[in-house]
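In what follows, a single structure is set out as structure tokens and then discussed.
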Amino acid sequence: MKGLFNLLKKGSMSSLTAAVVNFILGCLKLLAFIFTGNIAMFAEMMHSFGDAANQLFVFLGSAFSKRSPNEKFPLGYGRLINLVCLIAVIIVGILSYETVKEGFHHIVHPNDTNGPLLFFWINIGVLAIGIVLEGIVLRKAGKEILEEAGESSKGLLTPFTKSYLLIGKAKPATKLVFMEDTVATAGGIIAVISIIIARLTGLGMLEGIASVIIGIMMFVIVGIIFIENAQGVLGIADHESEIHASRVILDDKSIADIKRLAVIKEGEALHIESLLEVNQNFTLKELSEIRKRIILKLLDLSHVEDVNIEFIEDDGQTDWSGDSGPSANIQYKKER
Numbered sequence: 001m002k003g004l005f006n007l008l009k010k011g012s013m014s015s016l017t018a019a020v021v022n023f024i025l026g027c028l029k030l031l032a033f034i035f036t037g038n039i040a041m042f043a044e045m046m047h048s049f050g051d052a053a054n055q056l057f058v059f060l061g062s063a064f065s066k067r068s069p070n071e072k073f074p075l076g077y078g079r080l081i082n083l084v085c086l087i088a089v090i091i092v093g094i095l096s097y098e099t100v101k102e103g104f105h106h107i108v109h110p111n112d113t114n115g116p117l118l119f120f121w122i123n124i125g126v127l128a129i130g131i132v133l134e135g136i137v138l139r140k141a142g143k144e145i146l147e148e149a150g151e152s153s154k155g156l157l158t159p160f161t162k163s164y165l166l167i168g169k170a171k172p173a174t175k176l177v178f179m180e181d182t183v184a185t186a187g188g189i190i191a192v193i194s195i196i197i198a199r200l201t202g203l204g205m206l207e208g209i210a211s212v213i214i215g216i217m218m219f220v221i222v223g224i225i226f227i228e229n230a231q232g233v234l235g236i237a238d239h240e241s242e243i244h245a246s247r248v249i250l251d252d253k254s255i256a257d258i259k260r261l262a263v264i265k266e267g268e269a270l271h272i273e274s275l276l277e278v279n280q281n282f283t284l285k286e287l288s289e290i291r292k293r294i295i296l297k298l299l300d301l302s303h304v305e306d307v308n309i310e311f312i313e314d315d316g317q318t319d320w321s322g323d324s325g326p327s328a329n330i331q332y333k334k335e336r
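Taken in order, the sequence shown gives residues 1 to 336; the numbers are from full-length UniProt numbering.
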């Protein structure tokens, strides 16, 4: 039990926070929808409950992906977070479809916008609370993105602005929370605007249009996250980290060239495999010291979990062409 608790502590805190916040908001929006029958509120309710379930799954996945490697899984459980995110976005996709479908229904058959004024203020109040709470979670996720990218997160608006430029460097769980809460915050604002304009103009279809817009925004998130995590499940190469690793390796004077280098993402972790050419004859003891020295430097790189290095003699040819990677003359597949 203690081991499980310690493992859960390693999970994404932004995901857990977002799950709790979205569950509370979902309950508030459900009550508001029952009282008012507002379709924009229905869309927001579906979004909140979907996000709560997803982010709980992501929290658990991010925690269990930290399990140590064993004989059955020698590379660890890193890809589990990608698999969990895939399941999460499928759920979001289903909710997106229902949101869009319900929105179209209320465009054709709009609600009466002249209902009790109390209902109007209930909708506005609940959505306003949602915008504030989602904004707080969004800012927290934005700070985590900046910290994961090694950037300063100081400033009130920095996590809302700079994070979008560095989102590619975020961990899968953090990225999912940040993108979902971006849609949730923006969706809340759209819903508020649609309710106010519908009340003032009598155009009830605006609430249905808002529901469709929110659903489409959810679909966009589904597409982006699905593609990225599908690649992660397969084991995608991280070319930016590969460049950083090659610089560390070639900075060592004992290394003449890089014959082969692969940096593979396993969830949040990076695994480095390399075949290096040495520029002179070394003893086994010297090679062992060189290997240890380079491995320790590579392990200092962000998210690197393990490194495997092998040596061969220098063949006199340049196989690694600086930061651009392997030269064109390298054959990665065996000739048949």
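The C-beta atom is built at its ideal place from N, Cα and C for all residues, glycine as well.
Just so it is clear, the structure is predicted and the values come from calculations on it, not from any experiment.
Can you give me the Cβ contacts of residue i inside the same chain, cut-off strictly under 7 Å, excluding the 5 residues immediately before and after it?
{"i": "A256", "result": "E277, V278, N279, D314"}
{"i": "F119", "result": "F35, T36"}
{"i": "S246", "result": "I258, L261, W320"}
Hey, how far is the Cα of residue i from the Cα of residue j?
{"i": "N281", "j": "K253", "result": "13 Å"}
{"i": "E71", "j": "G11", "result": "23 Å"}
{"i": "V307", "j": "L270", "result": "9 Å"}
{"i": "E207", "j": "P110", "result": "8 Å"}
{"i": "I312", "j": "W320", "result": "14 Å"}
{"i": "K101", "j": "I39", "result": "11 Å"}
{"i": "G316", "j": "L275", "result": "15 Å"}
{"i": "residue 354", "j": "A128", "result": "One cannot answer for residue 354 here, as it falls past the ends of the chain, which runs 1 to 336."}
{"i": "V233", "j": "G202", "result": "49 Å"}
{"i": "F104", "j": "M179", "result": "25 Å"}
Just checking my contact of residue i with residue j at CB under 8 Å: how many whole Å lie between their CB atoms?
{"i": "T113", "j": "A198", "result": "5 Å"}
{"i": "L250", "j": "V126", "result": "About 58 Å separates the two Cβ atoms, so there is no contact after all."}
{"i": "E44", "j": "G187", "result": "6 Å"}
{"i": "F42", "j": "F33", "result": "5 Å"}
How would you label residue i, buried or exposed, when you count the other beta carbons within 10 angstroms and need 16 or more for buried?
{"i": "P159", "result": "buried"}
{"i": "S14", "result": "buried"}
{"i": "T182", "result": "buried"}
{"i": "L284", "result": "exposed"}
{"i": "H239", "result": "exposed"}
{"i": "L60", "result": "buried"}
{"i": "N123", "result": "buried"}
{"i": "K154", "result": "exposed"}
{"i": "V58", "result": "buried"}
Leaving out five residues before and five after residue i in sequence, what residues of the same chain have Cβ atoms less than 8 Å from its Cβ?
{"i": "I107", "result": "M205, G208, I209, V212"}
Beta-carbon within less than 6 Å of residue i's beta-carbon, same chain only, minus the 5 sequence neighbours each way: which residues are those?
{"i": "A328", "result": "In this predicted model, A328 has a pLDDT of only 41, less than 50, meaning its place in the structure is not dependable enough to derive any value."}
{"i": "G223", "result": "none"}
{"i": "Q331", "result": "Low confidence applies to Q331: its pLDDT is 41, below 50, so where it sits in the model is not reliable enough to give any reading."}
**OP:** Spell out a yes or no on whether the segment 150-167 and the segment 218-233 are touching, meaning 3 or more CB-CB pairs, one atom from each, closer than 8 Å.
**Re:** In the pairwise beta carbon analysis, the segment 150-167 is classified as not touching the segment 218-233: fewer than three pairs are separated by under 8 Å.
Original post:
Does the count of Cβ pairs from the segment 83-102 and the segment 210-219 closer than 8 Å reach three?
Top reply: When C-beta atoms of the segment 83-102 are compared with those of the segment 210-219, three or more pairs fall below 8 Å, so the two segments count as touching.
**OP:** Inspect the CB distances between the segment 9-25 and the segment 51-65 and report whether three or more fall short of 8 Å.
**Re:** Contact holds: three or more Cβ-Cβ distances are below 8 Å.
Subject >> Contact between the segment 75-90 and the segment 259-267 (3+ Cβ pairs under 8 Å) >> reply: Contact holds: three or more Cβ-Cβ distances are below 8 Å.
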